[in-house]
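Colleague: Residue numbers (our numbering): 533 to 996.
From the three backbone atoms N, C-alpha and C, an ideal C-beta is built for every residue, glycine too.
1) My assumption, with CB atoms under 8 Å, is that residue 538 sits in contact with residue 576. Please give the rounded CB distance.
2) Which one of 935, 766, 863 and 967 has the shortest CA to CA distance from residue 923?
3) Since residue 933 contacts residue 951 with CB under 8 Å, what's their CB separation in whole angstroms?
4) Report buried or exposed for residue 852, applying the criterion of at least 16 other Cβ atoms within 10 angstroms of its Cβ.
5) Taking 6 Å as the limit between beta carbons, can you name the residues of its chain near residue 886, skipping five residues before and five after?
6) What residue range is occupied by the uninterrupted beta strand (DSSP E) comprising residue 999?
7) As a quick exercise: from 564, 597 and 740, pick the residue whose alpha carbon is nearest that of residue 584.
8) Kindly identify the DSSP beta-bridge partner or partners of residue 948.
9) Using the rule of at least 16 other Cβ atoms within 10 Å of the residue's Cβ for burial, across every protein chain shown, is residue 883 buried or exposed?
10) Just to confirm, is the Cβ distance from residue 657 to residue 973 under 9 Å?
11) If you measure between the beta carbons of residue 764 and residue 985, is that distance less than 9 Å?
12) Taking the alpha-carbon positions, what's the residue 550 to residue 542 distance?
13) Taking a contact to mean a Cβ-Cβ separation below 9 Å, would you say residue 568 touches residue 555 in this structure?
14) Which first and last residues belong to the alpha helix (DSSP H) in which residue 743 is found?
15) Compute the distance between the beta-carbons of residue 573 and residue 664, then report whether it is under 9 Å.
16) What separation, rounded to the nearest whole angstrom, lies between the Cα atoms of residue 921 and residue 650?
17) Note down, one range per segment and in chain order, each beta strand (DSSP E) of at least 3 residues found wholly within the segment 754-795.
18) Determine the contact status of residue 833 and residue 800, defining contact as a CB-CB distance below 9 Å.
19) So residue 719 packs on residue 730, CB below 8 Å; how close in whole Å?
20) Could you give the DSSP three-state label for residue 878: helix, strand or coil?
21) Tell me whether the beta-carbon of residue 870 lies closer than 9 Å to the beta-carbon of residue 899.
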């Protein structure tokens, strides 16, 4: 008999009265000498399936290895449940134990575990209700991203390199990739490392963004999006930062900053609505156990237009607020999460798109405005999160882009190929980057980004 996925049993009334075949992990077991009840979960749903063992048909020895965490295989009859909390249950007819779990050593017994404790058990935490729900929502959102772009003509999924010789952001916070003996690398006469002996013949690192290569794709295919892992070697221990995370980065030829903002708003609303439509049980779980306002906040985002204003206007609002911020606000300073959240949560009470940032706090590739002080950048700010999307219209003028590269002392030997797109058939184009984990964080209502990725990579943490 083919295995029945537990999630399907709650939505298949035609199976009531028939034999079903289920497999999964035991969450709990309770009962008496006459009947035993086992809550079984196979990861397909937040709901546990109740298995009823009539002890006139099974022995205590049969059920002895059926402990929390054990994996079992049950065949039985699916019936309507007379008890509270479940619509159907299975009357067991046969039992097979795949793998036992010693109750003395299995760390996920039925009791409250802190999220900090579960991070130390990241190899087992997907079996908990919370992290099973996180990973199902994460999977659904990943599908929504691909579906959004595939439903629109002219967008193509582009795979950009993970190993690169260029620093897209110019921050230098990159993880080096090398095959050299780091304890005794070959050296040049001046004592510097001789990278000509390295695998790629030059210094290379893990990418911080696929944007620059994405622009190459956009100026050939019209519209592309990337979706893959990126890496930042920043010594940042905050609930919003990871050293390894996933980015979604669309780039579109013939787009200006307004087109970019329109795409970003449409895109993120689509993803949130997809989760509301397809992850109902999991989102209700988060709403009940972690954030009582989650569902209302998600619905509010998709039902309201995002407020658009300039960075300069935002600074004036913050300065006039009378609020004492931890980080002072002046024109030219990079906004912190507390500033972004004030604009979203207290002033406008809706998502905000800030535009036209000072050029000094933004990357070299952003298009200069006519004032020569600001660039056509845009950041989408969300409640609870702050910045969730960052993007811009890209500088399409060869001389202006070259001027910024020289102004910031970016090595030309690394940028010749990027400049070629401005020498040969340059076009207006724009794009943005969405940190995927920040989207999952917002949709689930979790408060720490380490809890929305299966195996978080942070400073001093590369376990599992």
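Modeller: Reading off the structure:
1) Translated into positions along the chain shown, residue 538 becomes position 6. Translated into positions along the chain shown, residue 576 becomes position 44. Contact flag correct, Cβ pair sits at about 5 Å.
2) Taking the first residue of the chain shown as 1, we reach residue 923 at position 391. Of the listed residues, the one whose Cα sits closest to residue 923 is 967.
3) What you label residue 933 is simply residue 401 of the chain shown in a count that begins at 1. What you label residue 951 is simply residue 419 of the chain shown in a count that begins at 1. Indeed, because the Cβ distance is near 7 Å, the residues count as touching under 8 Å.
4) Start at 1 with the first residue of the chain shown, and residue 852 comes out as number 320. The residue is exposed, with fewer than 16 neighbouring Cβ atoms inside 10 Å.
5) Within the chain shown, the letter at position 354 stands for residue 886. These residues qualify, in order along the chain: 843, 846 and 911.
6) This structure leaves residue 999 out entirely; the chain is present only between 533 and 996.
7) For the purposes of this step, residue 584 is identified with residue 52 of the chain shown, where counting begins at 1. Of the listed residues, the one whose Cα sits closest to residue 584 is 564.
8) On the chain shown, residue 948 is found 416 positions in, with the first residue counted as 1. Answer is none; residue 948 lacks a bridge partner.
9) To locate residue 883, count along the chain shown from 1; it is residue 351. Looking at its Cβ environment, which holds 16 or more other Cβ atoms inside 10 Å, residue 883 is buried.
10) For this step, residue 657 is matched to residue 125 along the chain shown. For this step, residue 973 is matched to residue 441 along the chain shown. For residue 657 and residue 973, no; Cβs fall outside 9 Å.
11) Residue numbering aside, residue 764 sits at position 232 when the chain shown is read from its first letter. Residue numbering aside, residue 985 sits at position 453 when the chain shown is read from its first letter. 9 Å or more divides the Cβ of residue 764 from the Cβ of residue 985.
12) Working through the chain shown from its first residue, we reach residue 550 at position 18. Working through the chain shown from its first residue, we reach residue 542 at position 10. Roughly 14 Å separates the two Cα atoms.
13) Mapped onto the chain shown, residue 568 falls at position 36. Mapped onto the chain shown, residue 555 falls at position 23. The answer is no: Cβ separation not under 9 Å.
14) If you number the chain shown from 1, residue 743 lands on position 211. Residue 743 -> alpha helix (DSSP H) spans 743-753.
15) Mapped onto the chain shown, residue 573 falls at position 41. Mapped onto the chain shown, residue 664 falls at position 132. Yes, they are a contact pair.
16) As a working mapping, residue 921 is identified with position 389 in the chain shown. As a working mapping, residue 650 is identified with position 118 in the chain shown. Approximately 29 Å, taken between the alpha carbons.
17) 755-763 and 776-785
18) For the purposes of this step, residue 833 is identified with residue 301 of the chain shown, where counting begins at 1. For the purposes of this step, residue 800 is identified with residue 268 of the chain shown, where counting begins at 1. Cβ atoms of residue 833 and residue 800: closer than 9 Å.
19) In the chain shown, the residue the question calls residue 719 occupies position 187. In the chain shown, the residue the question calls residue 730 occupies position 198. With a beta-carbon spacing of about 12 Å, residue 719 and residue 730 fall beyond the 8 Å limit used to define contacts.
20) Position 346 of the chain shown, counted from the first residue, corresponds to residue 878. Helix, per DSSP.
21) Counted from its first residue, the chain shown places residue 870 at position 338. Counted from its first residue, the chain shown places residue 899 at position 367. Cβ atoms of residue 870 and residue 899: not closer than 9 Å.
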